[in-house]
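Data block below; observations after.
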Amino acid sequence: MFLFQHTPESEPGSLSYLLGCVGQGLGIVVDVHQDEVDLYMKIAAQKGIKIAYVIDTHVHADHYTGGYELAQRSGGQYALHKDSPATCEFLPLEDNQELTAGNVAVEVLYTPGHTEDSITLMVTDRSRTDEPWFLVTGHTLFVGSVGRPDLKGRAEEMANKLYDSIHNRLLPLPDTMEILPGAQAGSVCGAGISGKPFSTIGFEKKHNASLSMSKDDFVKEVLGAILPQPPEMQDIIGFNVNPAKAS
């Protein structure tokens, strides 16, 4: 298995990923920014990797996606949750659906809260074991924090959904499960995010204060820590809903 984590120059608080199987030359890209498309094409070519899937963990509000363009240029499939508001052509992902790239398997976990279409990806390297190894959590669970629920309205409702997603889908997983988030310190998509770009379920249970709160307290805490909206948010969402229009 190979794994590449990258911080785009345009948004130093964000993280994107390329992961996959070296032996069979297949890869999956997650949450790529518009200015990272050339980089991921170059890395795939250098590694001899065919990009099979390009996944956005949700329709982002803080950066222009490069996902659709990368899929078009690489021949991979652009993928979003089936309830995504996107109007471009995409592969609709179901809860518990599995995508494979050689020996690497990615299970889709539906984790609404940051947005209605948010997903988490649970990754297994079957060349080593059938036990899942790590989560790419998008903007659902960060290191030291959680995603903001307000960017597309219905903030209190979405905060309740975020709590349920984290507590029902993520925290019951083994403490050794690694977390690779979609953002780090500096992102506008969550307050108090750590600058460390990875953690584990067990560590976050112990040291991420929001995870030990009651649901009511969690909702109050999250709603009370809302940051200013990202610059150009409406333009960004408009682009990300239909990136094919700009192509």
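Residues 4 to 250, numbered by this note's numbering, are exactly what the sequence shown covers, in order.
For every residue, glycine included, the Cβ atom is placed at its ideal position computed from N, Cα and C.
Element boundaries [beta strand (DSSP E), containing Y67] | As a first step, residue 67 is located in the sequence shown; it is residue number 64 there, counting from the start. Neither: Y67 is in no beta strand (DSSP E) and is coded neither H nor E.
Grouping DSSP H, G and I as helix and E and B as strand, with all else coil, what is G105?
-> Your numbering for residue 105 matches position 102 in the sequence shown. Residue state, collapsed to three classes: coil.
Between which two residues does the beta strand (DSSP E) harbouring K208 extend?
-> Position 205 of the sequence shown, counted from the first residue, corresponds to residue 208. From DSSP, K208 is part of no beta strand (DSSP E) but of the alpha helix (DSSP H) over 204-210.
On the three-state DSSP scale, how would you describe V139?
-> Taking the sequence shown and counting its residues from 1, the one referred to as residue 139 is at position 136. Of the three classes helix, strand and coil, the one that applies to V139 here is strand, per DSSP.
Using the beta-carbon count (16 or more within 10 Å), is Q37 buried or exposed?
-> As a first step, residue 37 must be located in the sequence shown, where it is residue number 34. So Q37 ends up on the buried side.
Using three-state DSSP, classify S213 as helix, strand or coil.
-> Taking the sequence shown and counting its residues from 1, the one referred to as residue 213 is at position 210. Three-state DSSP puts S213 in a helix.
Which residue comes first and which comes last in the alpha helix (DSSP H) that contains K53?
-> What you label residue 53 is simply residue 50 of the sequence shown in a count that begins at 1. It is not in any alpha helix (DSSP H) - K53 instead sits in the beta strand (DSSP E) that spans 53-58.
Status (buried if at least 16 other CB within 10 Å, exposed otherwise) for D178 = Within the sequence shown, residue 178 is the residue found at index 175, counting from 1. The residue is exposed, with fewer than 16 neighbouring Cβ atoms inside 10 Å.
For P115, which option in I54, H142, S13 has the closest C-alpha, if you only look at C-alpha atoms?
-> As a first step, residue 115 is located in the sequence shown; it is residue number 112 there, counting from the start. Ranking I54, H142, S13 by Cα distance to P115 puts H142 first.
By the 10 Å Cβ neighbour count, where 16 or more other Cβ atoms means buried, how is D98 classified, buried or exposed?
-> Numbered from 1 along the sequence shown, position 95 holds the residue referred to as residue 98. Flag for D98 reads exposed.
G30 (DSSP reduced to helix, strand or coil) = Locating residue 30 in the sequence shown gives position 27, where the first residue counts as 1. Strand, per DSSP.
Does the Cβ-Cβ distance between E39 and P15 come in under 8 Å?
-> If you number the sequence shown from 1, residue 39 lands on position 36. If you number the sequence shown from 1, residue 15 lands on position 12. No. Outside cutoff.
Does S17 get closer than 8 Å to chain B when you measure Cβ to Cβ?
-> The chain inventory of the structure shown lacks chain B, comprising one protein chain alone.
Coarse secondary structure for M161, derived from DSSP in three states = For the purposes of this step, residue 161 is identified with residue 158 of the sequence shown, where counting begins at 1. DSSP places M161 in helix when its eight states are reduced to three.
Residue range of the beta strand (DSSP E) that includes Q237 = For the purposes of this step, residue 237 is taken as residue 234 along the sequence shown, with counting starting at 1. No beta strand (DSSP E) contains Q237, which is instead part of the alpha helix (DSSP H) from 236-244.
From D238 to P231, what does the alpha carbon distance come to, in whole angstroms?
-> Here residue 238 corresponds to residue number 235 of the sequence shown, with the count starting at 1. Here residue 231 corresponds to residue number 228 of the sequence shown, with the count starting at 1. Those two C-alpha atoms are separated by around 16 Å.
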